[in-house]
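Engineer: Just so you know, the protein sequences line up as chains A and B, in that order. Residues in the first sequence are numbered consecutively from 4, following this note's numbering. Residues in the second sequence are numbered consecutively from 25, following this note's numbering. Here you go, one structure.
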Amino acid sequence: MRIGRTLALLAVLVGYSVPCGGAEEAAPLGRVDYMPYRVSLSVAFSQDAEITNAYRRSVCSTLRTRLAQTFGATWIFAPGAAVRLNDRLTPPDESGLDRLSYRDAAQQLSGFACDKAYFLTIGRQGPKWRVAGREWDRTLQSLGTIASETTVDRALVPDAALTAVERLFSPLLIVNDADRDSKSATLTIRAGSIPFGDPNFEPLRGGDIFRPVFRFLDSKRAVRSIQSVPWTYLVLQPLSKGQSQVKASVVSSYRAPLAANMRRRVEVVAVRVRPELSETHLKLAAGRDPPQPQGGLFVSISELSTPSTGAQSSTKPAAGAPAASVEATQLKLLSNRRGEVTIPVNLRHPIVRLEVHSGAAILARRPFVPGLDAEATLEIADDRVRLGTEREIDVLESQLIETVARRGALISRTRAALSRTDTQRAQQLISEVERLPGGDEYFAQLNRIRVLALEEAHNRKDRVAERRIEDLCRKTLERITQYLSDDRIATFKEELATLTNANKVATELQNAPMRRAQDSPPQNNAPLRRRSPDELKPPVKKPAEERQVRPPSL
Amino acid sequence: MKRAMGSFDISLALRGRARLAAILSVFVLTVIGLLLARSSLAFQDGPGPRPGGTRQKGPPGATKDPQSRSKKRPKKEKEPAKEKQSDDVEKAASDESKRLKDLKSEQKLPQLLDMSVPTVAELNRRPVDWLVLDGNNKRNPEVLVVKPVFPRPDTLRKLSDALDELRKRPRPTNPDERDKWETQKADLQKLMVLLPDDGSGQIYEIPTGKIDHIVYHEDLVIRRGGLLAEEKKFRDALELLYPLERTAPKWKGLEDLSRRMLLSEAEATLQGGDYLAGLMSLVELHARDPGYPGLHGRLGDVTDKLIESARQAHDDREARHYLARLARIEPNHETVEKWNRALQTDAQTLTASALKAAGEGHYSEAAATIDRAARVWPKAVGLAEVHRKICERYQWLSVGAMTLPGDDSGLPWPTLADQRVTRLEQFDLFDVDRVDDATHYRSRLLEEWEPTDLGRRALFTLRRTHASWESRQDLTATSLMSTIRALIDPASPAYDERFASYVDGVQLLSALELEIRFSRAPPRMEPLFRFPITATGSVGSAAGSLDRSGDGPVLSRRFQRSTPSRDAIVFRRAFPQPEGLDQYRLAEVDEHRYDSPQHEIQALLRGDVSMLLDLPPWAIGSLRKDTRFFVLDYAIPTTHVLQFNPNSQPLKSRELRLALSYALDVQRILSQRILRNADSSAGRLSTAPFATTSYAYNGVLTRRDFSASMAVSLHAAAVKRLQSIPPLRLVCERDPEAQSAAAEIVAQWKRVGIAVELVQPESLSGNPQSDPRPLEWDIAYRKLRMEEPLVEIWPFLTVNSGARLESVRSAPDWLRIELLDVDRAPDWKSAVSRLQTLHAHLYAEVAYIPLWEVDDAIVLRKNVRDFPPFKFVTPYQDIERWIVQSWFPEDEP
């Protein structure tokens with residue numbers, strides 16, 4: 004134990020004594036896990052009577068000590084870039100941070116060789132002291148979200164600032180390899196092999212969520228462009244302390260979001276993300292020129308289970324963020340006229356699956372971490388053609404129901420007429436049934452709907468819509484065939500013909516000159532005649548329900 | 025009958041008078057004996073042996089069958105035949121007399137004192153007369169009950185007079201004429217009667233000398249009437265006597281009994297506190313006998329009490345009615361004079377008070393007082409002049425309606441009454457002015473509204489001032505801007521999703537100018553801007569607005585409520601008219617509730633109200649011909665529709681919705697319950713929740729015909745799918761017409777096996793103390809007038825005040841998108857086309873059951889002028905501009 008502490012202290016001292024400019028050189032070649040972060044930190048104090056120069060110096064000095072104690076050798080400060088006063092931030096408060104852009108920050112940091120920089124503001128807010136900060140990252144060329152801390156004790160301001168920096172710090176991970184089948188990736192933690200000054204400090208935990216970013220390099224290894232992988236997240240699997248290589252599950256709406264770009268001149272970096280906001284406004288849009296907001300669509304939000312989501316995660320939202328946390332496992336949101344839905348942060352499941360529904364179709368299925376950005380846009384396919392077809396088919400089915408019901412009613416009346424041997428009425432009713440729109444008419448209508456919709460979808464080059472339209476029409480076709488088959492009418496016609504013939508024969512027999520007298524005993528009634536077993540059974544009565552008119556089930 | 029008797033007497037005459045007399049006396053006695061036996065049973069219902077049973081064939085000397093009589097008449101000329109016949113008669117008479125002597129000893133006639141007056145039923149069933157026979161017992165003579173005798177009344181006297189007259193004539197010399205004379209003489213000495221229970225129609229002769237007097241059926245009726253009156257059964261007595269008064273008004277005792285009875289009835293009703301009924305009886309008695317003892321005083325007392333009672337109830341017209349009633353029959357009655365003086369004095373006092381109040385500037389009070397004075401005594405001297413003066417300064421209009429705002433506060437939608445009053449209380453930035461094939465708007469606030477930048481912007485210029493007759497304050501662009509900002513701010517409770525989807529922002533250009541920026545150009549701008557202006561900084565908007573809701577104070581006010589009561593609401597100008605105007609306009613609207621169209625019309629004719637709003641078509645017909653009134657048709661007919669609750673689980677089944685639709689014989693309900701006339705053209709079937717004349721109406725659609733068998737089939741299919749269907753709940757507003765139709769609809773559904781119960785919102789169930797629970801309903805019977813279907817169809821479908829997407833959550837996806845598409849229509853033509861398509865799809869989907877539309881009308885007394893010259897869109901359209909001339913009912917009530 005003592006040896007460990009001594010080693011850690013030694014490492015801190017070594018790290019501290021190593022000149023910053025030579026940090027990368029000090030690390031073994033290709034060992035990112037031994038490469039510390041070159042950091043710059045500046046503090047801007049708001050104008051206040053209680054904030055004197057002495058207090059400022061005191062805060063900076065204390066903060067530097069705390070940072071050294073916490074981050075140890077993993078952080079090195081460029082000369083003059085250690086905790087320093089920032090007088091270029093205007094105004095020197097949270098709004099100034101909010102206005103800050105990556106480029107402005109880079110200008111402020113010119114002359115300092117650093118990978119990460121932190122801009123802090125300290126000021127009073129009523130009786131409290133408020134510390135806010137923002138992380139600047141050269142690797143990703145990004146400026147992070149604002150995180151803040153408050154304290155009531157003036158003396159505890161450096162501690163609050165340290166807490167804010169701890170929250171702002173996003174470790175960088177390099178994606179070494181990604182497996183398409185297991186949907187997992189191996190990552191190396193920058194400075195992961197260097198111990199922190201505070202052994203209890205754990206910036207990474209299993210379940211933390213990372214966003215992969217492609218860094219496209221030129222032949223001189225200079226960054227040509229940086230591109231984040233949309234709708235893709237890496238969820239860290241459980242890890243042990245001091246581990247520099249970690250595994251993460253790949254959660255993406257794409258099959259192989261990382262593998263495709265694992266080339267020599269492309270670096271895949273993963274940056275930890277943590278929801279700082281309580282919600283994200285997701286905008287659904289179709290097309291690009293201009294994007295059409297898709298209002299009135301359902302967006303269902305459900306939990307997304309990954310192998311590591313159960314682990315303790317430091318990706319949990321900030322203390323003030325999850326005000327709108329939702330415990331429900333599934334939410335069904337409806338996009339407004341601007342095509343927006345507001346997705347709240349879920350404390351237990353920071354990463355969720357969102358599905359965009361349009362009628363019976365799912366237009367998009369994406370993993371999503373709400374609370375990272377205030378606004379996000381999801382581009383979806385324009386489903387108007389298919390939805391229009393769905394509507395037309397809905398109307399057609401409504402007419403089909405009416406026809407089936409009308410036909411059922413007429414058939415039941417026909418059956419009643421046949422049972423009382425009223426052939427004329429039965430004939431009349433069957434004619435009425437035949438006059439109703441039959442299957443052929445509905446097939447024609449359906450075909451018209453189908454052809455027009457397919458043509459429009461084809462013109463839009465929307466193959467998915469074409470397939471879905473075909474599916475819809477096929478199902479409807481089956482229904483029409485099922486409920487408007489001509490078999491039943493044919494049966495009734497046969498029955499009617501039989502009855503008519505029977506009547507005709509009976510009439511002819513009645514008028515036959517040589518007909519047998521009515522009182523002559525029929526052959527069947529001969530006293531010695533043997534009867535078949537069927538004849539001896541009493542006639543089976545149909546249950547009352549069977550005899551009643553049954554409407555065709557729809 | 026007489027001829028039969030005559031033939032018999034002729035045969036007797038041939039044998040000689042002495043012999044005739046002997047035989048006749050024996051025969052008559054025999055007949056009497058037989059009759060007594062029958063008559064004694066006349067009022068005895070028991071069967072019993074009939075002593076006269078052997079006389080069913082008729083006594084020899086009594087009468088002959090009419091048929092035999094006609095046969096015997098030709099034989100009169102042949103002597104041998106006559107001789108033979110008289111021998112037979114003589115023989116028969118002797119036989120009968122011998123046998124009847126025996127029978128008579130067994131029979132007994134009822135005696136007069138033992139007779140009870142027949143009951144009403146007996147009198148009505150079988151009229152009878154009592155022949156009181158002359159006998160030894162003068163105090164309690166025997167009575168023979170017979171069918172009504174003729175001639176009547178004074179039968180005996182008339183017969184006697186006729187006999188005397190006959191005797192005075194010289195005896196004929198001609199044998200034939202002499203026979204005839206003899207026959208007549210004999211007839212006049214006898215009374216021919218029929219027995220009440222004798223079904224054979226046997227006629228009997230009673231010598232008049234044997235009859236003391238006759239108690240006629242009419243006398244019995246009068247006696248029974250008297251008995252009923254003694255039992256205070258005046259209604260029964262009057263019913264009994266009424267036919268008699270019609271047929272024999274001069275019958276002795278009838279008039280006297282009627283008078284006594286009227287007085288008794290009056291006294292009885294007065295004792296029961298029913299003065300009006302008492303007065304009616306007394307007036308009736310007065311009509312019969314003005315000088316009836318005690319009538320004069322009683323008339324005065326009753327009228328006095330009635331007038332006092334009416335005055336206490338502030339019903340001066342009723343008081344004048346009683347007074348006029350008495351004055352018509354007793355012009356110089358002291359009560360008439362007393363109340364004439366009192367009412368006149370009262371009216372003059374009120375007139376003076378009204379003048380004083382007007383002088384002090386309390387015009388509403390003055391108007392109320394002078395109106396009261398006009399109702400107390402319209403003929404008061406100087407009243408008309410004062411009334412005209414006050415009415416010119418402060419004009420008010422009394423309106424009759426069957427529903428008042430708030431009557432159906434438990435309903436989740438605003439009723440027509442709510443909409444009417446909302447429009448009266450406030451105005452929108454744009455109001456509907458006229459409706460023909462399109463909807464036309466105007467704005468009270470805006471001088472100009474010009475779309476610019478191809479419709480992406482609009483410049484609004486507000487009016488600097490307002491007309492003297494307008495009831496509004498001058499508003500600046502700031503107020504309008506804050507209202508618009510509240511509507512587009514998602515954080516504001518007044519946020520309007522649809523409005524915000526069109527309007528991007530608003531910019532103030534000057535105190536009276538602002539510019540609206542649209543994110544996309546609306547097909548028509550005006551329907552979007554139908555909202556009231558709210559106070560600056562208030563979070564709410566459109567308080568009580570039809571389309572939007574909020575709770576901020578409204579700046580665009582017209583009228584405001586004051587002194588609401590259960591059956592009346594008074595609205596006064598929110599901004600009174602200034603002094604010194606040449607022409608004043610309407611200042612006050614008083615709405616009164618009536619429970620039926622008949623009472624509404626009664627109030628109009630009595631002069632209690634001058635305007636009727638919601639009279640059904642069948643009731644308007646008579647008023648159209650009345651030259652005292654204007655009948656003004658609404659620009660939009662009232663559509664009746666059955667709406668489904670979007671959250672009702674059973675009604676998500678299309679089969680069930682179709683079954684509900686097919687089960688209704690809508691044409692029958694329309695004819696019988698709404699129009700009450702099969703030939704009326706004031707109503708027609710519809711397929712939409714908006715007017716058939718609307719641009720949104722798809723005229724190609726055909727209605728589903730009534731088919732009970734289809735309904736049964738579809739209901740069975742729905743049951744099969746849903747397993748079981750709970751009883752559905754139909755909610756209906758308080759309107760009596762709608763209630764009647766709803767009851768019939770429920771009955772028709774019941775006939776096909778669909779259980780539906782009629783429910784009412786909590787506020788209508790008469791328990792205002794309890795907390796109103798949210799109304800649970802599946803189907804709603806609604807009456808509506810959709811002015812702009814483009815923006816109103818969405819709130820209608822969702823039973824919600826706005827057009828929020830969240831409210832169509834339960835609708836099919838295509839319907840939701842189609843509604844959005846209607847809102848997103850780039851131009852008017854596309855909007856109309858999409859609306860018509862939507863109409864067709866909604867009808868196919870059975871999203872509602874359209875019923876019919878009815879051409880309602882407004883009835884206005886002709887003392888109102890300067891109302892809009894075109895068809896009204898809302899009842900109080902431009903009402904600030906109306907002029908109500910002085911008028912009060914002067915007719916005698």
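Backbone N, C-alpha and C define an ideal beta-carbon position, used for all residues, glycine too.
1) Can you list, in chain order, the residues of the region 816-833 of chain B whose Cβ is nearer than 8 Å to any Cβ on chain A?
2) So with CB distances below 7 Å, who are the chain A contacts of aspartate 395 of chain B?
3) Give the DSSP-derived three-state secondary structure of arginine 471 of chain A in the structure shown.
4) Is there contact here, the region 369-387 of chain A with the region 447-456 of chain A, by at least three beta-carbon pairs under 8 Å?
5) In the DSSP assignment, find the unbroken alpha helix (DSSP H) run with histidine 256 of chain B in it and report its ends.
6) Could you check where the alpha helix (DSSP H) with threonine 148 of chain A kicks off and where it finishes?
7) Looking at valine 170 of chain B and leucine 264 of chain B, is the spacing between their C-beta atoms short of 8 Å?
8) Can you tell me the Cα-Cα spacing of alanine 334 of chain B and leucine 300 of chain B, whole angstroms?
9) Compare the C-alpha of arginine 87 of chain A against each of A:Ala47, A:Ala116, A:Asp51, A:Arg208 and name the closest.
10) From what residue to what residue does the alpha helix (DSSP H) around tyrosine 387 of chain B run?
11) Run down chain B in chain order and give the residues with a C-beta less than 9 Å from the C-beta of leucine 337 of chain A.
12) Report yes or no: is there a C-beta of chain B within less than 8 Å of the C-beta of glutamine 402 of chain A?
13) If I'm right that arginine 708 of chain B touches glutamate 877 of chain B with Cβ under 8 Å, what's the distance once you round it to whole angstroms?
14) Does chain B have any CB closer than 8 Å to the CB of aspartate 292 of chain A?
15) With a cut-off of 8 Å on the beta carbons, I'd call leucine 334 of chain A and valine 359 of chain A a contact; round off their distance for me.
16) Check whether the region 708-720 of chain B touches the region 371-391 of chain B, counting contact only when three or more Cβ pairs, one atom from each stretch, lie closer than 8 Å.
17) Under a three-way DSSP split, which group does isoleucine 512 of chain B fall into?
18) What did DSSP end up calling glutamine 607 of chain B once you bin it into helix, strand or coil?
19) Can you list the beta strand (DSSP E) stretches of 3 or more residues lying completely in the region 814-843 of chain B, in chain order?
20) Please go through the region 363-424 of chain A and give each complete alpha helix (DSSP H) segment of 4 or more residues, from N-terminal end onward.
21) Nearest to alanine 766 of chain B by alpha carbon, out of B:Thr207, B:Pro175, B:Gln667?
22) Mind reading off the beta-carbon distance from alanine 158 of chain A to leucine 171 of chain A? Whole number of angstroms is fine, and I expect it under 8 Å.
23) Taking C-beta pairs closer than 7 Å, name the residues in chain A that histidine 865 of chain B reaches, listed in chain order.
24) For glutamate 481 of chain A, name the three-state secondary structure that DSSP assigns.
25) Expressed to the nearest angstrom, what Euclidean distance is found between the alpha-carbon atoms of leucine 303 of chain B and proline 670 of chain B?
26) Report the option in B:Ile238, B:Tyr805, B:Gln607 whose CA atom is closest to the CA atom of valine 158 of chain B.
27) Between glycine 836 of chain B and chain A, is any beta-carbon pair separated by less than 8 Å?
28) Could you give the DSSP three-state label for tyrosine 721 of chain B: helix, strand or coil?
29) What does serine 361 of chain A reach in chain B if we use C-beta pairs closer than 7 Å?
30) Pull out every residue of the region 718-736 of chain B whose Cβ sits closer than 7 Å to any Cβ of chain A, in chain order.
31) Got a sec, what are the start and stop residues for the beta strand (DSSP E) serine 43 of chain A sits in?
32) Please confirm whether leucine 367 of chain B and histidine 357 of chain B have their CB atoms less than 8 Å apart.
33) Using a Cβ-Cβ cut-off of less than 9 Å, list which residues of the region 338-350 of chain A approach chain B; keep chain order.
34) So which residues on chain B does leucine 390 of chain A lean against when the C-beta distance must stay under 8 Å?
35) When you compare the CB positions of leucine 688 of chain B and isoleucine 769 of chain B, do they come within less than 8 Å of one another, or not?
36) Taking 8 Å as the CB-CB cut-off, is glycine 298 of chain A touching chain B?
Structural biologist: Short version:
1) Leu829, Glu830, Val832, Arg833
2) Working through the second sequence from its first residue, we reach residue 395 of chain B at position 371. Neighbours of aspartate 395 of chain B on chain A: none; closest Cβ ~53 Å, over 7 Å.
3) If you number the first sequence from 1, residue 471 of chain A lands on position 468. Residue state, collapsed to three classes: helix.
4) no
5) The residue given as residue 256 of chain B occupies position 232 in the second sequence. According to the sequence as given, residue 256 of chain B is lysine; it is not histidine. First-last for lysine 256 of chain B: undefined, no H or E at that position.
6) Walking along the first sequence from the start, residue 148 of chain A turns up at place 145. First-last for threonine 148 of chain A: undefined, no H or E at that position.
7) Reading the second sequence from its first residue, position 240 is the one you call residue 264 of chain B. Reading the second sequence from its first residue, position 146 is the one you call residue 170 of chain B. For leucine 264 of chain B and valine 170 of chain B, no; Cβs fall outside 8 Å.
8) One-based indexing of the second sequence puts residue 334 of chain B at position 310. One-based indexing of the second sequence puts residue 300 of chain B at position 276. C-alpha separation (whole angstroms): 11 Å.
9) Here residue 87 of chain A refers to the residue found at position 84 when the first sequence is read from its first residue. Measuring from the Cα of arginine 87 of chain A, the nearest candidate turns out to be A:Ala47.
10) Translated into positions along the second sequence, residue 387 of chain B becomes position 363. Segment 387-400, the alpha helix (DSSP H) holding tyrosine 387 of chain B.
11) The residue you call residue 337 of chain A lines up with position 334 of the first sequence. Neighbours of leucine 337 of chain A on chain B, chain order: Leu829, Glu830, Val832, Arg833, Arg840.
12) The residue given as residue 402 of chain A occupies position 399 in the first sequence. Closer than 8 Å to some Cβ of chain B, the Cβ of glutamine 402 of chain A qualifies, so yes.
13) Residue 708 of chain B sits at position 684 when you count from the first residue of the second sequence. Residue 877 of chain B sits at position 853 when you count from the first residue of the second sequence. With 8 Å as the limit, arginine 708 of chain B and glutamate 877 of chain B qualify as a contact, their Cβ atoms being about 6 Å apart.
14) Along the first sequence, read from residue 1 onward, the residue named residue 292 of chain A stands at position 289. No, its Cβ sits nowhere closer than 8 Å to a Cβ of chain B.
15) Counting from 1 along the first sequence, the entry for residue 334 of chain A is found at position 331. Counting from 1 along the first sequence, the entry for residue 359 of chain A is found at position 356. With 8 Å as the limit, leucine 334 of chain A and valine 359 of chain A do not qualify as a contact, their Cβ atoms being about 13 Å apart.
16) no
17) Locating residue 512 of chain B in the second sequence gives position 488, where the first residue counts as 1. The answer is helix: DSSP assigns isoleucine 512 of chain B an H, G or I state.
18) As a first step, residue 607 of chain B must be located in the second sequence, where it is residue number 583. Correct three-state label for glutamine 607 of chain B: coil.
19) none
20) 387-422
21) Your numbering for residue 766 of chain B matches position 742 in the second sequence. Nearest of B:Thr207, B:Pro175, B:Gln667 to alanine 766 of chain B, Cα basis: B:Gln667.
22) What you label residue 158 of chain A is simply residue 155 of the first sequence in a count that begins at 1. What you label residue 171 of chain A is simply residue 168 of the first sequence in a count that begins at 1. With a Cβ gap of about 22 Å, alanine 158 of chain A and leucine 171 of chain A do not count as contacting.
23) For this step, residue 865 of chain B is matched to residue 841 along the second sequence. Within 7 Å Cβ-Cβ: Arg394, Val398.
24) For this step, residue 481 of chain A is matched to residue 478 along the first sequence. Glutamate 481 of chain A: helix per DSSP, three-state reduction.
25) Counting from 1 along the second sequence, the entry for residue 303 of chain B is found at position 279. Counting from 1 along the second sequence, the entry for residue 670 of chain B is found at position 646. Between leucine 303 of chain B and proline 670 of chain B, the C-alpha separation is close to 59 Å.
26) Mapped onto the second sequence, residue 158 of chain B falls at position 134. Inspection of the sequence shows that residue 158 of chain B is occupied by aspartate rather than by valine. Measuring from the Cα of aspartate 158 of chain B, the nearest candidate turns out to be B:Ile238.
27) Counting from one through the second sequence, the residue named residue 836 of chain B turns up at place 812. Strictly speaking, residue 836 of chain B in this sequence is proline, with glycine absent from that position. So, interface residue.
28) On the second sequence, position 697 is the one that residue 721 of chain B refers to. Looking at tyrosine 721 of chain B - three-state DSSP - the assignment turns out to be coil, as it is neither helix nor strand.
29) Within the first sequence, residue 361 of chain A is the residue found at index 358, counting from 1. Per Cβ cutoff of 7 Å: Asp837.
30) Ser733, Met734
31) Start at 1 with the first residue of the first sequence, and residue 43 of chain A comes out as number 40. Here the beta strand (DSSP E) through serine 43 of chain A covers 40-48.
32) If you number the second sequence from 1, residue 367 of chain B lands on position 343. If you number the second sequence from 1, residue 357 of chain B lands on position 333. Against a cut-off of 8 Å, the Cβ pair of histidine 357 of chain B and leucine 367 of chain B comes out as no contact.
33) Ser338, Asn339, Arg340, Arg341
34) As a first step, residue 390 of chain A must be located in the first sequence, where it is residue number 387. Those are Asp837, Trp838, Ile841, listed as they occur along chain B.
35) To locate residue 688 of chain B, count along the second sequence from 1; it is residue 664. To locate residue 769 of chain B, count along the second sequence from 1; it is residue 745. Yes. Within cutoff.
36) As a position in the first sequence, residue 298 of chain A is number 295, starting the count at 1. Yes, glycine 298 of chain A lies at the interface with chain B (some Cβ there is under 8 Å from its Cβ).
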